[in-house]
Each structure stands twice: as C-alpha cells, then as structure tokens.
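In this note's numbering, the protein residues as written are 157 to 428.
Note that CB positions come from ideal geometry on N, CA and C, so glycine has one too.
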C-alpha cells in the first residue's frame, strides 16, 4: 500500500498552492508595465529601476539589515549560552524562573512585548532608534535560538567532552574545540531563524523605533495603506530571491557539516 494516498496528494497540492501561488503572482506583476498592480500592460523592468532610486525604501532596507545582523548575532550568543546552562547546568536555584524568563517571549503576544519594552526604554531615558530595535529583537528572538540549540545539546554525546577534558583541555577549550563545532548546525539554524524573525517583525519595531530609524516592514506597511505600488512588488521579489538563496546556501552548509560530523564520529569509533 502506497503511503502517499490521493488524499495526501490533494492536501499537499492545495497547501503548496495556497502558499506559493500568491508569491508567483507577485513576482509576475513586479515586471508589469502598468502602474496598476492588478492590470497587466506588458513586460517591463522599470519598477526595479524606480526601486533603486527610492531613497526612503533603500534607507529602511539598510536599517533593517543592520538591525537583523546585530540582533541575531547577539541573540545567538545569549541563546546558546542559555541553552547550555539549561541542559548542562542541572538543578540550580532559580532554574524554573530562569527557564520561564527565557521561554516567555515564545507565548507572549508581540503587542505586550513591544509595549513593555517601550515603557522600559522610556523609564530608563533611552532614546528610541536602531539601538532600541536591536535590543527588542534580541529579547524576543533569543528564546527561539535557545530552543533550537537545546534540542541539539540534549542529544549531544557528553563523552566527547569528557575525552577532551581527560586529554588536558580546559572546560572552555573543550566547548570551543569539541562542543561548538558539533552543535554548529543548530547554532547556524538559530541565527538564521533570529535573522528571519528580525527581518519580518513589524509590531515590536513599531513600538521601539524612533524618527531616525524606520525598518523596511514599517515602511512597506505605511506605503501599502495608501495603495500598493509596483515598487513594493519589485522589492518583495528581491526579498524572496535573497531568502531563497540564503535558505539553499544554509541547507548546503548544514548538510556538509552534518556529513563531516558523521565522518568524524565514525573515525573516532574506529580508533576506539
């Protein structure tokens, strides 16, 4: 009996169609000659030229990329450290509170998170701008990194670390030379997830941004409210292409890392 029944086939087809047909339509109309996004008037790439002359969108894109890079990097460092403490720290005083604080943003509505951070920044007198957006995105994306890295550390063979310690490595060296390379695929996945969440965020950035820092989702949202422009279609097409290339590249890097890890484990087993 085939595992892929007609019901599964139809469900998968409808699901993928629901997800990707709107993207395909958007990509097609980004090459539309007409300024009306619902009326096809011929093939043209002029809206891509108009896009690269729109300083407001370009400035917002540059702010978004900087915020995403900085916040995802900080969130990856803190999330990896938090995951290591939760998995390897055992039972310690305040563990329940610590884990609750780490995982709270997973279930907390973004409106509540954004409003809380806004009140915090106002209370401490911190001017809103790129720094506040980075801090906000780090706060809510760190928990996702922690979940991803924790799932890898749970299945990690601690005997490898113990062997490194027996051979004279300090705990820090054992983590840097043994643990970190093995969990690197999970760390990279966590960084990519945090990066994507930062790029996509609108609600929290709306609360924590200032006049000098407007992210791309905020700029797109404000523009769409006045009517969809073909430049938005062109920008969305570029973003889809960048994300696609990034996902494929990350998949290839992660796959090679996993293959290299298995080869190292097999080599270590043969030596034993």
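{"Query": "Specify the secondary structure class of residue 157 as computed by DSSP and reduced to three states.", "Result": "In this prediction, residue 157 scores a pLDDT of 45, lower than 50, which makes its location untrustworthy; no coordinate-derived value is stated."}
{"Query": "Return the chain-ordered list of same chain residues with a C-beta closer than 8 Å to the C-beta of residue 210, the five sequence neighbours on each side being excluded.", "Result": "387"}
{"Query": "Using a Cβ-Cβ cut-off of 8 Å (strictly less than) and excluding sequence neighbours within five positions of residue 157, which residues of its own chain qualify?", "Result": "Summary for residue 157: the model assigns pLDDT 45, below 50, so the residue's position carries little reliability, and this model does not support an answer."}
{"Query": "Tell me which residues share the same chain as residue 207 and place their Cβ nearer than 7 Å to its Cβ, disregarding the 5 neighbours each side in the sequence.", "Result": "213, 387, 390, 391"}
{"Query": "Provide the residue(s) that pair with residue 188 in DSSP beta bridges, ordered along the chain.", "Result": "199"}
{"Query": "Please classify residue 253 as buried or exposed, where buried requires at least 16 neighbouring CB atoms within 10 angstroms.", "Result": "exposed"}
{"Query": "Examine the Cβ distances between the region 270-288 and the region 357-368 and report whether three or more of them are shorter than 8 Å.", "Result": "yes"}
{"Query": "Find the nearest neighbour of residue 308 within the set 359, 331, 239, 405, judged by alpha-carbon distance.", "Result": "239"}
{"Query": "For residue 414 and residue 422, I'd like the C-alpha separation in whole angstroms.", "Result": "12 Å"}
{"Query": "With a threshold of 7 Å on Cβ separation, who are the neighbours of residue 310 within its own chain once the five nearest residues in sequence on each side are excluded?", "Result": "243"}
{"Query": "With distances taken from CA atoms, which of 356, 412, 327 is nearest residue 395?", "Result": "356"}
{"Query": "Report yes or no: is there a C-beta of chain C within less than 8 Å of the C-beta of residue 257?", "Result": "Included in the structure is just one protein chain, with no chain C present."}
{"Query": "From this set, 274, 275, 237, 247, which residue's C-alpha is nearest residue 258's C-alpha?", "Result": "237"}
{"Query": "Measuring alpha carbon to alpha carbon, tell me which residue in 370, 319, 410 is nearest residue 347.", "Result": "410"}
{"Query": "To the nearest angstrom, report how far apart residue 169 and residue 248 are at their CA atoms.", "Result": "49 Å"}
{"Query": "What did DSSP end up calling residue 414 once you bin it into helix, strand or coil?", "Result": "helix"}
{"Query": "Residue 210 by DSSP, collapsed to three states: which one?", "Result": "coil"}
{"Query": "List the endpoints of the continuous alpha helix (DSSP H) containing residue 298.", "Result": "286-310"}
{"Query": "From 167, 221, 196, pick the residue whose C-alpha is nearest to that of residue 398; which is it?", "Result": "221"}
{"Query": "By Cβ distance, which residues of its chain are closer than 6 Å to residue 230, with the 5 residues on each side in sequence left out?", "Result": "294"}
{"Query": "Provide the residue span of the alpha helix (DSSP H) that contains residue 147, from first to last.", "Result": "Within the shown structure, residues of the chain are numbered from 157 to 428, placing residue 147 beyond reach of any answer."}
{"Query": "In whole angstroms, give me the CA-to-CA distance for residue 200 and residue 255.", "Result": "53 Å"}
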